[in-house]
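Note sheet for the following structure.
Residue numbers (the working numbering): 763 to 1371.
Below, the structure written as structure tokens:
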């Protein structure tokens, strides 16, 4: 639509009266007639017995397996990830109803844009035809070399622009499009100082770019010659197309996302990556058009799902792109709306990884995606050394400055708590490593003098979790069984756990001093020292988000997941400072809840209407 339009009273009801819900819904769900209703399997859950009903007389659907119900507009909104206006426009077009135009000027503008869409569609069909013609042989060889056959060309409407200055222009003219329309659609370039316009795309593999309704509005072209400049060329901005407001494959990705349990769309860096992901079974992949993500593109991503995954090469350029995305996203974070990052190692992109190691390797990489807060922490932690108090203060200032960009108060407070906790744990680990190194040096001197040597103490994984329980004793009561089942690699950390769960049973208070004294009496002096030197931690409030996060982190010590391949699981195993594994679990649980809430909210809106 060219501009927002006020829908007159009665238009929506007339639209719903003209459309039979079973016809529209039947394109997504296999329906079987049962009395006055149609019955099928739910498109929202993985059920085996049909509990999804459509009633054409009442013009509604009801899904008893998920509790979702509504009219045909809400069904299209949910299954195709469209806004209300987009769904109305789509259904009105099918019903042969013309959306109202406010003025004659608006009508003329709307008709002009429709002509530009038709021009782009005609060009797309022409490029598709040329790919299969004799002149497209080089383009076909290139695509086949990238693992894409004729079926994939058709699915993604890939094409070839002839290597000539006016072939596309002449074809479009033969289809009754004027020169100005061809220029306004971005398919031709006007020479400076006058002269005949020429084709914008020449000798390139063509990737059509569509709007949120799936209509072609622009093109991307990949040069076939090694010296092609630029290697990738996009349409210029037009009245139809603004590259900062569009994502490649967005409509197809939104539709595919509706059939997944993922947290959001996958965002990669280029056309071929998005296509490779789609062909490998990740149909919810999109790509920006050669620029860093804009606010408009982030808004599109969050319309589809609350937690999109940005997939970048793990090299310096990929990290810079990830950091730019963080800066863009921070002000707009909200409860249940964030970003995750999949940073691939070895300079690989998704297309490389899938062709080299297969779709499962890509799936594993995506499962090890990092939350935004983790990538933000790593960015500031690695910005400079933190070996002096002044540099440590600089780290804290940078972290709090980043958190201050978040406009939502509750999310901003959560980030401040999380980042301070990460910094505290990280600095404590550095002090522990320094002590261990110092002790190792002293033992080396003793060994030279003939003194017996002892082994270097192992990593104290899980210590931070136990100290949090000491500072917040109510955690022991709610997680006593899990604490008992947990396995800690360091025997002295395990000793702290044993004392921690035994003291309450002996009716003794739980605090650092009591536990330390008990450990000393048992001869666990190192365990007592670990507990005593760990930094102070604020108490965790009951029934809050930090309590739930602590419980999830503790559960990883009962059935701890191994780090994945490709260097994606993080640098350290300390849960309190590198919590990727439990955050991933938390992400999955949260997304299931968020998806259910989103679907129910849509149903409730329909009921209210």
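Heads up, the beta-carbon is just placed ideally off N, CA and C, and yes, glycines get one too.
The model shown is predicted, which means the values in this text are computed figures rather than measured ones.
Helix, strand or coil: how does DSSP classify residue i here?
{"i": "residue 930", "result": "helix"}
{"i": "residue 923", "result": "strand"}
{"i": "residue 1099", "result": "strand"}
{"i": "residue 799", "result": "strand"}
{"i": "residue 1137", "result": "helix"}
{"i": "residue 806", "result": "coil"}
{"i": "residue 960", "result": "strand"}
{"i": "residue 1003", "result": "coil"}
{"i": "residue 1327", "result": "Annotation note: pLDDT 33 at residue 1327 (below 50); position unreliable, coordinate value reported separately. Correct three-state label for residue 1327: coil."}
{"i": "residue 1084", "result": "helix"}
{"i": "residue 1008", "result": "coil"}
{"i": "residue 1132", "result": "strand"}
{"i": "residue 1027", "result": "coil"}
{"i": "residue 1245", "result": "helix"}
{"i": "residue 1295", "result": "helix"}
{"i": "residue 1165", "result": "helix"}
{"i": "residue 895", "result": "coil"}
{"i": "residue 794", "result": "strand"}
{"i": "residue 1175", "result": "helix"}
{"i": "residue 1033", "result": "helix"}
{"i": "residue 1239", "result": "helix"}
{"i": "residue 750", "result": "The chain is shown only over 763 to 1371; residue 750 falls outside these bounds and no answer can be derived."}
{"i": "residue 978", "result": "strand"}
{"i": "residue 871", "result": "helix"}
Which residue from the options puts its Cα closest to that of residue i?
{"i": "residue 798", "options": "964, 1253 and 819", "result": "819"}
{"i": "residue 1172", "options": "964, 1245 and 1095", "result": "1095"}
{"i": "residue 997", "options": "1006, 1011, 980 and 990", "result": "980"}
{"i": "residue 971", "options": "920, 956, 944 and 959", "result": "920"}
{"i": "residue 1142", "options": "1133, 1283, 1158 and 1150", "result": "1158"}
{"i": "residue 917", "options": "802, 790 and 969", "result": "969"}
{"i": "residue 1033", "options": "1010, 1014 and 924", "result": "1010"}
{"i": "residue 911", "options": "893, 1263, 1072 and 1295", "result": "893"}
{"i": "residue 1127", "options": "1103, 1147, 858 and 1150", "result": "1103"}
{"i": "residue 1036", "options": "1071, 1020 and 1056", "result": "1071"}
{"i": "residue 924", "options": "913, 869, 898 and 1257", "result": "898"}
{"i": "residue 1113", "options": "1014, 907 and 1309", "result": "907"}
{"i": "residue 1060", "options": "1099, 1295, 1313 and 1014", "result": "1099"}
{"i": "residue 1093", "options": "1046, 1246, 1170 and 890", "result": "1170"}
{"i": "residue 756", "options": "1001, 999 and 962", "result": "With the chain represented from 763 up to 1371, any question about residue 756 goes unanswered, as that position is not in the structure."}
{"i": "residue 847", "options": "789, 1000 and 774", "result": "774"}
According to DSSP, what are the bridge partners of residue i?
{"i": "residue 984", "result": "967 and 994"}
{"i": "residue 830", "result": "825"}
{"i": "residue 904", "result": "The partner list for residue 904 (beta bridge, DSSP) is empty, contrary to what the question assumes."}
{"i": "residue 814", "result": "802 and 825"}
{"i": "residue 1073", "result": "1104"}
{"i": "residue 972", "result": "978"}
Can you find the residues in the same chain that come closer than 7 Å, C-beta to C-beta, to residue i, ignoring five residues on each side of it along the sequence?
{"i": "residue 854", "result": "777 and 861"}
{"i": "residue 1317", "result": "1244"}
{"i": "residue 1177", "result": "1135, 1165 and 1168"}
{"i": "residue 1042", "result": "1116, 1121 and 1124"}
{"i": "residue 1012", "result": "974, 1048 and 1062"}
{"i": "residue 1224", "result": "1250, 1255, 1319 and 1337"}
{"i": "residue 1374", "result": "Because the chain spans 763 through 1371 in this model, residue 1374 falls outside it and cannot be assessed."}
{"i": "residue 1185", "result": "1157, 1158 and 1161"}
{"i": "residue 1080", "result": "1074 and 1105"}
{"i": "residue 1046", "result": "1015, 1018, 1019, 1022, 1024, 1027 and 1028"}
{"i": "residue 901", "result": "893, 922, 967 and 986"}
Using C-beta distances below 6 Å, list every residue in its chain close to residue i, excluding the 5 sequence neighbours before and after it, in chain order.
{"i": "residue 933", "result": "888"}
{"i": "residue 977", "result": "879"}
{"i": "residue 1017", "result": "842"}
{"i": "residue 800", "result": "784, 793 and 816"}
{"i": "residue 807", "result": "827 and 828"}
{"i": "residue 1082", "result": "none"}
{"i": "residue 1309", "result": "1302"}
{"i": "residue 1265", "result": "1272"}
{"i": "residue 849", "result": "835, 838 and 839"}
{"i": "residue 1190", "result": "1297"}
Give me, in chain order, the residues of the same chain whose beta-carbon lies closer than 8 Å to that of residue i; leave out the 5 immediate sequence neighbours on both sides.
{"i": "residue 834", "result": "778, 781, 783, 786, 787, 821, 823 and 853"}
{"i": "residue 1358", "result": "For residue 1358, the predicted structure reports a pLDDT of 46, less than 50, and the residue's modelled location is therefore unreliable. The matter cannot be settled from this model."}
{"i": "residue 772", "result": "none"}
Quick one: any contact between the region 1290-1307 and the region 1233-1242, if contact means 3 or more CB pairs under 8 Å?
Counting Cβ pairs under 8 Å, three or more are found: they touch.
When the Cβ atoms of the region 932-946 are set against those of the region 1020-1027, are three or more pairs found closer than 8 Å?
Using a C-beta cut-off of 8 Å, the region 932-946 makes no contact with the region 1020-1027, since fewer than three inter-stretch Cβ pairs fall below that distance.
With a cut-off of 8 Å, do at least 3 Cβ pairs link the region 816-835 to the region 969-986?
No contact exists between the region 816-835 and the region 969-986.
On the three-pair Cβ rule with 8 Å, is the region 1081-1095 touching the region 1137-1149?
Touching, per the Cβ criterion.
Given 8 Å, three or more beta-carbon pairs between the region 1065-1083 and the region 945-965
Result no; under three Cβ-Cβ pairs closer than 8 Å.
For the region 1045-1064 against the region 990-1010, do three or more pairs of beta-carbon atoms, one drawn from each stretch, fall closer than 8 Å, so that the two count as touching?
These segments touch.
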